[in-house]
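Visitor:
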Amino acid sequence: MNAAPTLEMLDPATLIVDINVRKDAALTPEFIASIKEHGVIEPVIAHRNEDGTVHVRMGQRRTLGAVEAQCPLIPVMITASAEDAERIVSQVVENIQRAAMTEADEADAYHQLSLIGVSAAAIAKKTGRKKAAVEGALKAKASEAGTAALGKGHTIEEALVMAEFEGDEEATAELESVVADEPDQLLHVAQQLRDARAHAAALAAFTAELEATEATIVEKPSYHDDETARVSSLKRADGEHATEEDANAVYIEQDYKGECSTVPVIVGWKKLGFKDRYSFSSSAQTGPMTEEQKAERKTLIANNKAMESATTVRREFVKTLLAKKQAPKGWQYFTVHAITHHTEVARSYDGEVAAVMVSAKIDGQKSWAWNPLKDHVAKSTTRPEFSLVALVCAGYESTIAKDSWRRPSQSHRDYLNQLVTWGYTPSEVEQIIIDSGKPAEEDTAEEDTAEESTEAA
Numbered sequence: 001m002n003a004a005p006t007l008e009m010l011d012p013a014t015l016i017v018d019i020n021v022r023k024d025a026a027l028t029p030e031f032i033a034s035i036k037e038h039g040v041i042e043p044v045i046a047h048r049n050e051d052g053t054v055h056v057r058m059g060q061r062r063t064l065g066a067v068e069a070q071c072p073l074i075p076v077m078i079t080a081s082a083e084d085a086e087r088i089v090s091q092v093v094e095n096i097q098r099a100a101m102t103e104a105d106e107a108d109a110y111h112q113l114s115l116i117g118v119s120a121a122a123i124a125k126k127t128g129r130k131k132a133a134v135e136g137a138l139k140a141k142a143s144e145a146g147t148a149a150l151g152k153g154h155t156i157e158e159a160l161v162m163a164e165f166e167g168d169e170e171a172t173a174e175l176e177s178v179v180a181d182e183p184d185q186l187l188h189v190a191q192q193l194r195d196a197r198a199h200a201a202a203l204a205a206f207t208a209e210l211e212a213t214e215a216t217i218v219e220k221p222s223y224h225d226d227e228t229a230r231v232s233s234l235k236r237a238d239g240e241h242a243t244e245e246d247a248n249a250v251y252i253e254q255d256y257k258g259e260c261s262t263v264p265v266i267v268g269w270k271k272l273g274f275k276d277r278y279s280f281s282s283s284a285q286t287g288p289m290t291e292e293q294k295a296e297r298k299t300l301i302a303n304n305k306a307m308e309s310a311t312t313v314r315r316e317f318v319k320t321l322l323a324k325k326q327a328p329k330g331w332q333y334f335t336v337h338a339i340t341h342h343t344e345v346a347r348s349y350d351g352e353v354a355a356v357m358v359s360a361k362i363d364g365q366k367s368w369a370w371n372p373l374k375d376h377v378a379k380s381t382t383r384p385e386f387s388l389v390a391l392v393c394a395g396y397e398s399t400i401a402k403d404s405w406r407r408p409s410q411s412h413r414d415y416l417n418q419l420v421t422w423g424y425t426p427s428e429v430e431q432i433i434i435d436s437g438k439p440a441e442e443d444t445a446e447e448d449t450a451e452e453s454t455e456a457a
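Right, here's the structure in full:
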């Protein structure tokens with residue numbers, strides 16, 4: 001049976017503060033002055049080892065503050081010795097509740113606990129944190145990049161992203177720049193980098209597989225290339241359309257989803273007697289693309305890719321939103337407005353997308369009339385409002401294409417603006433859609449305000 005706790009008055013300088021979860025004890029001048037004037041009112045919790053030394057379990061900041069304030073004695077509640085895990089968890093809980101810990105300190109604390117065998121689930125239960133948050137912190141601490149990011153003052157979420165791209169200097173540099181200048185765009189930029197990495201890997205694998213067949217691979221030809229042209233744009237000397245059998249090479253084309261395919265071409269088509277099928281057309285592109293055309297095409301490709309990445313981030317945001325205990329504020333008007341003003345959302349939604357958004361279990365294989373959201377609603381009569389919001393969001397999602405930024409519609413603006421109201425941070429390309437609904441005079445007013453601010457500065 002453990003001895004009852006005893007209250008003793010001890011010299012704070014004699015107390016031993018073991019490894020603690022809070023690196024910065026936040027010994028502000030105001031805190032020190034308060035201790036000098038009033039002393040330590042709340043007892044420090046500690047235990048005494050067999051060698052007589054007293055180790056602080058809870059109250060590191062008060063102990064160090066008392067030493068700094070040169071207090072001769074402070075109240076110390078001596079308890080039975082505790083396991084390291086219990087001591088650290090107690091400190092974590094105390095510091096989290098006082099909102100005095102940095103996220104780096106939290107991650108360090110969870111890491112210490114994991115090293116002595118405490119599971120993420122157990123840590124989450126004792127600290128009141130979500131298991132996913134604890135797992136994220138541990139994952140960040142498991143990498144050098146994540147640990148370094150935490151050391152720089154980055155959040156656990158930011159450190160996780162840095163850890164994900166460990167070893168990629170170019171990506172890391174871009175992410176660091178985003179964190180410094182546009183931290184609210186981090187999730188979008190990270191997703192764009194993920195997609196770019198996945199596309200590059202898919203292209204490399206496809207190219208290697210194609211090279212194994214000993215096919216001749218060339219660069220994609222420009223418009224009206226005198227050396228290389230697509231088979232589909234050529235005709236033979238006898239006037240017949242050229243076919244794939246006439247091809248002597250291919251180039252690889254990759255779509256916005258990263259899927260690769262080959263396009264047959266003929267290298268040296270003029271020397272081989274082939275002719276341009278469209279040379280008679282006055283509307284055909286003549287000569288190479290202008291710099292302006294190249295710039296427009298580059299912007300088109302970049303924005304289309306950005307929209308694809310934003311789709312992933314946007315849907316994940318909705319999923320997280322619908323994982324909460326209560327439906328988002330204003331969901332009633334949002335759903336009825338969508339159904340009455342944008343009827344396509346109810347008839348064209350993707351059941352799988354909606355089911356994922358509401359974290360429903362998905363069974364079966366995709367086929368005609370397959371709808372996992374319908375199955376989810378049939379099995380569960382609770383929280384129907386969450387399924388309704390998911391249905392409407394999935395309906396909006398079905399209408400947004402990779403190039404919707406070129407032709408923004410009111411339905412897209414309504415959807416994105418509602419997500420922003422619920423806390424979503426739009427990507428730069430999504431902002432184009434949102435801004436497309438602003439009246440011209442509003443844009444002018446914003447510009448005037450910006451000019452006035454600049455002049456005042």
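Sequential numbering of the sequence shown, starting at 1, is according to this note's numbering.
Every residue, glycine too, gets a C-beta built ideally from N, C-alpha and C.
Determine, using beta carbons only, whether Pro264 comes closer than 8 Å to chain B.
Guide: The structure shown contains no chain B, having only a single protein chain.
Visitor: With a threshold of 8 Å on Cβ separation, who are the neighbours of Ser359 within its own chain once the five nearest residues in sequence on each side are excluded?
Guide: Numbered from its first residue, the sequence shown carries residue 359 at position 359. Excluding sequence neighbours, Ser359 sits near Lys319, Leu322 and Ala323.
Visitor: Kindly indicate which three-state DSSP category Pro264 falls into: helix, strand or coil?
Guide: Working through the sequence shown from its first residue, we reach residue 264 at position 264. Strand, per DSSP.
Visitor: Under the three-state reduction of DSSP, which class applies to Ser281: helix, strand or coil?
Guide: Indexing the sequence shown from 1 puts residue 281 at position 281. The pLDDT assigned to Ser281 is 47, lower than 50, so where the model puts this residue is not dependable; a value taken from the coordinates is nonetheless given after this. Here Ser281 sits in coil by DSSP.
Visitor: Does the Cβ of Tyr223 have 16 or more other Cβ atoms within 10 Å, making it buried, or fewer, making it exposed?
Guide: Within the sequence shown, numbered from 1, the residue matching residue 223 stands at position 223. With fewer than 16 other Cβ atoms within 10 Å, it is exposed.
Visitor: From the DSSP secondary-structure annotation, give me the bridge partner or partners of Thr228.
Guide: As a first step, residue 228 must be located in the sequence shown, where it is residue number 228. Thr228 pairs with Val267.
Visitor: Nearest by alpha-carbon distance to Thr213: which of Ala133, Thr262 and Thr147 is it?
Guide: Within the sequence shown, residue 213 is the residue found at index 213, counting from 1. Checking every option, the nearest Cα to that of Thr213 belongs to Thr262.
Visitor: Could you check which residue in Lys402, Val313 and Ala204 has the C-alpha nearest to that of Cys260?
Guide: Here residue 260 corresponds to residue number 260 of the sequence shown, with the count starting at 1. Nearest option by C-alpha distance: Ala204.
Visitor: Taking C-beta to C-beta, are Ile156 and Glu211 nearer than 8 Å?
Guide: Here residue 156 is taken as the residue at index 156 of the sequence shown, counted from 1. Here residue 211 is taken as the residue at index 211 of the sequence shown, counted from 1. Contact: no.
Visitor: Which term fits Ile41, buried or exposed, when burial requires 16 or more other beta carbons within 10 angstroms of its beta carbon?
Guide: One-based indexing of the sequence shown puts residue 41 at position 41. Its Cβ having fewer than 16 others within 10 Å, Ile41 is exposed.
Visitor: Okay, do the segment 291-310 and the segment 191-203 touch, 3+ Cβ pairs below 8 Å being the bar?
Guide: Counting Cβ pairs under 8 Å, three or more are found: they touch.
Visitor: Tell me the residue span of the beta strand (DSSP E) that contains Pro470.
Guide: No statement about residue 470 is possible, as the shown extent of the chain runs from 1 to 457 and does not include it.
Visitor: By a C-beta neighbour count over all protein chains shown, 10 Å radius and 16 as the cutoff for buried, is Trp405 buried or exposed?
Guide: What you label residue 405 is simply residue 405 of the sequence shown in a count that begins at 1. Label assigned to Trp405: buried.
Visitor: For Ser282, count neighbouring Cβ atoms within 10 angstroms of its own Cβ and tell me buried if that reaches 16, exposed if not.
Guide: In the sequence shown, residue 282 corresponds to position 282, counting from 1. In this prediction, Ser282 has a pLDDT of 45, which is less than 50 and means its spatial position is unreliable; what the coordinates show is noted afterwards. Flag for Ser282 reads exposed.
Visitor: Does the segment 135-146 come close enough to the segment 174-189 to have 3 or more Cβ pairs within less than 8 Å?
Guide: At 8 Å Cβ cutoff, the stretches do not touch.
Visitor: Can you look up His199 in the DSSP assignment and give me helix, strand or coil?
Guide: For the purposes of this step, residue 199 is identified with residue 199 of the sequence shown, where counting begins at 1. In this structure, His199 counts as helix in the three-state DSSP scheme.
Visitor: Should Thr381 be labelled buried (16 or more other beta-carbon atoms within 10 Å of its own) or exposed?
Guide: Working through the sequence shown from its first residue, we reach residue 381 at position 381. Looking at its Cβ environment, which holds fewer than 16 other Cβ atoms inside 10 Å, Thr381 is exposed.
Visitor: Specify whether the segment 407-417 and the segment 428-439 touch according to this definition: at least 3 beta carbon pairs, one from each stretch, less than 8 Å apart.
Guide: Enough Cβ pairs lie closer than 8 Å, so yes.
Visitor: Using DSSP with H/G/I as helix, E/B as strand and the rest coil, what is Val250?
Guide: Along the sequence shown, one-based indexing puts residue 250 at 250. Val250: strand per DSSP, three-state reduction.
Visitor: The beta strand (DSSP E) with Arg57 in it runs from where to where?
Guide: As a working mapping, residue 57 is identified with position 57 in the sequence shown. That run of the beta strand (DSSP E) goes Val54 to Met58.
Visitor: Which runs of the alpha helix (DSSP H) fall wholly inside the segment 312-349 and span at least 4 residues, in chain order?
Guide: DSSP runs (the alpha helix (DSSP H)) wholly in the segment 312-349: 331-341 and 344-347.
Visitor: Hey, how far is the Cα of Ile339 from the Cα of Lys275?
Guide: Numbered from 1 along the sequence shown, position 339 holds the residue referred to as residue 339. Numbered from 1 along the sequence shown, position 275 holds the residue referred to as residue 275. When rounded, the distance between both Cα atoms is 54 Å.
Visitor: Roughly how many whole angstroms lie between the Cα atoms of Glu127 and Met58?
Guide: Position 127 of the sequence shown, counting from 1, holds the residue named residue 127. Position 58 of the sequence shown, counting from 1, holds the residue named residue 58. The residue asked about is misnamed: residue 127 is Thr in this sequence, not Glu. Between Thr127 and Met58, the C-alpha separation is close to 15 Å.
Visitor: How many Å lie between Phe165 and Leu175 at the Cα?
Guide: Taking the first residue of the sequence shown as 1, we reach residue 165 at position 165. Taking the first residue of the sequence shown as 1, we reach residue 175 at position 175. The alpha-carbon atoms of Phe165 and Leu175 are separated by roughly 9 Å.
Visitor: Spell out a yes or no on whether the segment 60-77 and the segment 126-141 are touching, meaning 3 or more CB-CB pairs, one atom from each, closer than 8 Å.
Guide: At 8 Å Cβ cutoff, the stretches do not touch.
Visitor: Apart from the five residues just before and just after Gly273, which ones in its own chain have a Cβ nearer than 6 Å to its Cβ?
Guide: To locate residue 273, count along the sequence shown from 1; it is residue 273. Answer for Gly273: Ala237, listed in chain order.
Visitor: Write down the C-beta distance between Val17 and Leu64 rounded to the nearest angstrom, noting that I regard them as a contact closer than 8 Å.
Guide: Here residue 17 refers to the residue found at position 17 when the sequence shown is read from its first residue. Here residue 64 refers to the residue found at position 64 when the sequence shown is read from its first residue. Yes, they are in contact, since the Cβ atoms of Val17 and Leu64 sit about 7 Å apart, within 8 Å.
Visitor: Tell me, to the nearest whole angstrom, how far the beta carbon of Val231 is from that of Ile266; I am working on the premise that it is less than 8 Å.
Guide: Start at 1 with the first residue of the sequence shown, and residue 231 comes out as number 231. Start at 1 with the first residue of the sequence shown, and residue 266 comes out as number 266. The pair is a contact, with the Cβ atoms about 6 Å apart (cut-off 8 Å).
Visitor: Out of Thr14, Ala66, Pro43 and Thr28, state which residue places its alpha-carbon closest to the alpha-carbon of Gly52.
Guide: One-based indexing of the sequence shown puts residue 52 at position 52. Ranking the options by Cα distance to Gly52, first place goes to Thr14.
Visitor: Do three or more CB pairs link the segment 340-350 to the segment 416-430 at distances below 8 Å?
Guide: No, the segment 340-350 does not touch the segment 416-430.
Visitor: Measure the alpha-carbon distance for His376 versus Lys361 and round it to whole angstroms.
Guide: Counted from its first residue, the sequence shown places residue 376 at position 376. Counted from its first residue, the sequence shown places residue 361 at position 361. Taking the straight line joining both Cα atoms gives about 7 Å.
Visitor: Between the C-alpha atoms of Val54 and Glu158, what's the straight-line distance to the nearest angstrom?
Guide: As a first step, residue 54 is located in the sequence shown; it is residue number 54 there, counting from the start. As a first step, residue 158 is located in the sequence shown; it is residue number 158 there, counting from the start. So the alpha carbons of these two residues sit roughly 39 Å apart.
Visitor: Please say whether Val345 and Gly268 have beta carbons closer to each other than 8 Å?
Guide: Taking the sequence shown and counting its residues from 1, one reaches residue 268 at position 268. Taking the sequence shown and counting its residues from 1, one reaches residue 345 at position 345. It is not a contact, given that the beta carbons lie outside the stated cut-off.
Visitor: Decide if Asp108 is buried, meaning its Cβ has at least 16 other Cβ atoms within 10 Å, or exposed.
Guide: What you label residue 108 is simply residue 108 of the sequence shown in a count that begins at 1. So Asp108 ends up on the buried side.
Visitor: Hey, Ile35 and Cys71 are a contact pair by Cβ (cut 8 Å); roughly how many whole angstroms apart?
Guide: Indexing the sequence shown from 1 puts residue 35 at position 35. Indexing the sequence shown from 1 puts residue 71 at position 71. About 6 Å; that satisfies the 8 Å criterion.
Visitor: Using the Cα positions of Glu169 and Leu150, report the straight-line distance between them to the nearest angstrom.
Guide: Reading the sequence shown from its first residue, position 169 is the one you call residue 169. Reading the sequence shown from its first residue, position 150 is the one you call residue 150. Answer to the nearest angstrom: the Cα atoms are 18 Å apart.
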